[in-house]
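Residue numbers (UniProt numbering), protein chains in the order written: chain A, 1 to 252; chain B, 1 to 236. Single-structure report; data block below.
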Amino acid sequence: MTKQMVEVPPKGGFSFDLCRRNAMLAKKNEGAKAPSFRKTGTTIVGLIFQDGVILGADTRATEGPIVADKNCEKIHYIAPNIYCCGAGTAADTEAVTDMVSSQLQLHRYHTGRESRVVTALTLLKRHLFNYQGHVQAALVLGGVDVTGPHLHTIYPHGSTDTLPFATMGSGSLAAMSVFEDKFKEGLTRDEGIKLVTEAICAGIFNDLGSGSNVDVCVITKGDKEYLRNHLMPNLRTYVSEKGYTFPKKTGQ
Amino acid sequence: MGDSQYSFSLTTFSPSGKLVQIEHALTAVGSGQTSLGIKAANGVVIATEKKLPSILVDETSVQKIQCLTPNIGVVYSGMGPDFRVLVRKSRKQAEQYHRLYKEPIPVTQLVRETAAVMQEFTQSGGVRPFGVSLLVAGYDDNGPQLYQVDPSGSYFSWKASAMGKNVSNAKTFLEKRYTDDMELDDAVHTAILTLKEGFEGQISAKNIEIGIINAVDRKFRVLTPAEIDDFLAEVE
């Protein structure tokens with residue numbers, strides 16, 4: 001008698017089927033470890049200066065050891081006065097910032113007022129906590145509203161910090177070392193941009209997961225400036241005009 | 001006729017082929033405050049009376065003309081609370097469209113979706129039709145547009161239209177005065193004159209509301225009382 005396999009439609013939620021196997025493997029091979037989390041390849045920073053907030057990010061998107069996008073945009077629009085840098089899974093950061101941006105737009109219509117940074121913060125952290133860290137988005141949220149300039153970091157599990165300067169991503173240690181050395185309160189706009197650029201460059205040159213160019217976004221009361229590719233320290237300088245010719249059957 | 005026997009239920013046709021509840025909804029609209037819209041060559045203007053029940057009401061808290069998207073605005077005649085619900089739904093639909101297609105929703109699409117909502121409420125159990133007619137004004141790649149949406153869910157594109165108490169006088173006035181090559185400023189003047197026709201009492205910036213959208217920046221905005229005063233002065 002043959003047993004027939006009944007097709008059961010997959011239910012939602014986490015599938016625990018492989019947990020026993022994993023536990024057995026770990027016990028059997030003492031040396032075999034479960035694969036670790038892939039570190040987010042990014043350097044994103046933010047700091048508060050005298051007139052508002054400056055956000056910075058690198059522009060490399062990685063797929064394991066391969067550079068998937070040499071010039072991607074990591075500073076996302078949330079509201080006219082609020083921007084958010086995203087590290088982690090690119091799709092997650094895009095989708096979650098897009099969704100919150102939409103919700104804030106509706107909120108603005110209903111209240112008739114400018115959005116506040118804490119509103120964006122709460123919407124983001126509630127969403128991330130609901131998904132228990134499976135939405136892998138680590139964000140640096142900054143903006144200026146009626147209550148003043150604000151800078152927050154949001155972790156994938158939904159916890160948040162409020163800081164005068166912040167860094168996230170795999171290049172965060174390199175960038176933080178620059179901030180810890182040179183940050184002070186009441187920086188001017190140019191000093192702030194210079195410091196942010198230096199911090200991102202530290203990430204670009206010392207971390208494999210970050211690279212290419214520096215994006216900067218300056219937000220002040222009533223105004224914002226998105227400096228896309230503010231610094232391009234990794235231009236491809238030499239391109240041969242002659243091109244390349246290969247003899248036949250190369251690569252066989 | 002035998003219509004009265006069929007007027008209790010929304011979802012039952014009368015022998016003459018009408019849904020009597022919708023007729024009643026249109027009556028509710030017809031007893032609301034006058035509102036009108038005019039499509040000019042380079043923009044659209046919508047306007048409405050803003051008669052408050054008492055001088056003690058804070059007129060700055062009442063805003064009858066609302067923005068649905070940065071380039072689409074709407075005004076109504078009829079029941080204010082029904083209007084608020086429709087505005088909320090329309091804004092959400094416009095935002096969802098934008099989320100999905102990353103382009104601002106075209107005026108026709110938004111009108112169609114709003115009309116679909118209004119139609120739903122004429123074919124469901126336990127609900128009543130919305131007691132408002134809307135005038136939707138917008139500017140997109142097809143130029144300036146003006147649509148009227150009725151409680152039944154039908155919509156029409158108009159060059160100029162009016163709704164509410166003074167509808168027949170207002171429409172006659174508009175028919176005489178409308179020209180195809182009207183500019184936006186002329187249209188605003190004509191709108192004010194049309195409102196003035198049936199206005200009880202003294203017209204002023206405090207008891208009318210005007211919203212415009214022009215070809216230059218394609219942004220819908222409600223005029224401030226100061227701007228309305230300027231237009232009123234020009235019209236005198």
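For each residue, glycine too, the CB sits at the ideal point set by N, CA and C. Note that the coordinates shown come from a computational prediction; the quantities given were computed from them, not determined experimentally.
Please say whether A:Gly46 and A:Phe183 have beta carbons closer to each other than 8 Å?
no
Do you know how far the Cα of A:Asp51 is from the Cα of A:Thr188? 8 Å
* So which residues of chain A does B:Lys92 contact, with C-beta pairs closer than 8 Å? -> Leu106
With distances taken Cα to Cα, identify the nearest neighbour of B:Ala170 among B:Gly37, B:Phe13, B:Thr11 and B:Val20.
B:Gly37
Residues near A:Val218 by beta carbon distance below 6 Å, same chain, minus five either side: Ile54 and Glu225
- For A:Lys224, the residue or residues it bridges with in DSSP: A:Ile219
Nearest by alpha-carbon distance to B:Arg218: which of B:His189, B:Ala233 and B:Leu184 is it? B:Leu184
**OP:** Please classify residue 239 of chain B: is it buried, with 16 or more other beta-carbons within 10 angstroms of its beta-carbon, or exposed?
**Re:** There is no way to answer for residue 239 of chain B, as the model of chain B reaches only from 1 to 236.
| said: Along the chain, where does the alpha helix (DSSP H) containing B:Ala191 start, and where does it finish? | reply: Leu184 to Glu197
Check your understanding: Taking Cβ positions, are B:Lys50 and B:Ala160 nearer each other than 8 Å?
Key -> no
For A:Tyr77, the nearest candidate out of A:Gly86, A:Asp69 and A:Asn71 (CA to CA): A:Gly86
**Message:** Distance cutoff 8 Å, beta carbons only. Does B:Ile95 sit that close to anything in chain A?
**Reply:** A small fix is needed here, since residue 95 of chain B is Glu in this sequence, not Ile. Interface residue, yes.
Item to complete: Would you mind sorting B:Thr114 into buried or exposed? The rule is 16 or more other CB atoms within 10 Å of its CB.
Response: buried
Under 8 Å, Cβ to Cβ, is there at least one residue of chain A near B:Arg221? no
Please report how far the alpha carbon of A:Cys201 lies from the alpha carbon of B:Ala226, in whole angstroms.
-> 52 Å
> Touch check for the region 129-141 of chain B and the region 21-36 of chain B: three-plus C-beta pairs under 8 Å?
Replying inline: yes
key: Own chain, CB closer than 6 Å to B:Asp229, minus 5 neighbours either side, in chain order   = Ala205
*asked:* Under 8 Å, Cβ to Cβ, is there at least one residue of chain A near B:Arg218?
replied: no
TODO: Under 8 Å by Cβ, that's how I've got A:Lys70 and A:Ser159 pegged, so tell me the actual separation to the nearest angstrom.
DONE: Actually they do not touch by this definition, with Cβ atoms about 32 Å apart.
Neighbourhood of B:Tyr155 by C-beta distance below 7 Å, restricted to the same chain and skipping five residues each side: Val111, Ala115, Tyr147, Gln148 and Val149
Quiz item: By how many angstroms is the C-alpha of B:Phe220 removed from the C-alpha of A:Gly133?
Solution: 41 Å
Can you give me the start and stop residues for the beta strand (DSSP E) that B:Val149 sits inside? Gly143 to Val149
* Could you give the DSSP three-state label for B:Thr69: helix, strand or coil? => strand
*Given a threshold of 16 other Cβ atoms within 10 Å of its Cβ, counted over all protein chains shown, does B:Arg91 qualify as buried or as exposed?*
buried
B:Lys165: which of B:Gln21, B:Ser35 and B:Gly17 sits nearest, CA to CA? B:Ser35
For the beta strand (DSSP E) containing A:His152, list its first residue and its last residue.
Gly148 to Ile154
Which residues bound the beta strand (DSSP E) around B:Met163? Ala160 to Met163
Does the pairing of the region 98-107 of chain A with the region 21-28 of chain A give three or more beta-carbon distances under 8 Å? no
Would you say B:Asp177 lies against chain A (beta-carbon separation less than 8 Å)?
The sequence as given places Arg at residue 177 of chain B; Asp does not occur at that position. With 8 Å as the cut-off, B:Arg177 does not count as an interface residue toward chain A.
Straight-line CA distance for B:Glu200 to B:Ile208?
12 Å
- Taking the Cβ atom as the reference point for each residue, do A:Ile154 and A:Leu124 lie within a distance shorter than 8 Å? yes
Euclidean distance between Cα positions of B:Phe13 and A:Gly222: 56 Å
Practice item. May I ask you to list, following chain order, the residues of the region 71-104 of chain A that have a beta carbon less than 7 Å from some beta carbon of chain B? Key: Asp98 and Ser102
> Can you name the residues of chain A whose CB is closer than 8 Å to the CB of B:Arg99?
Replying inline: Asp98, Met99 and Ser102
Original post:
Which value, in whole angstroms, describes the spacing of the CA atoms of A:Phe246 and A:Gly64?
Top reply: 30 Å
Quiz item: Is A:Val239 close to chain B, meaning its C-beta is less than 8 Å from at least one C-beta of that chain?
Solution: no
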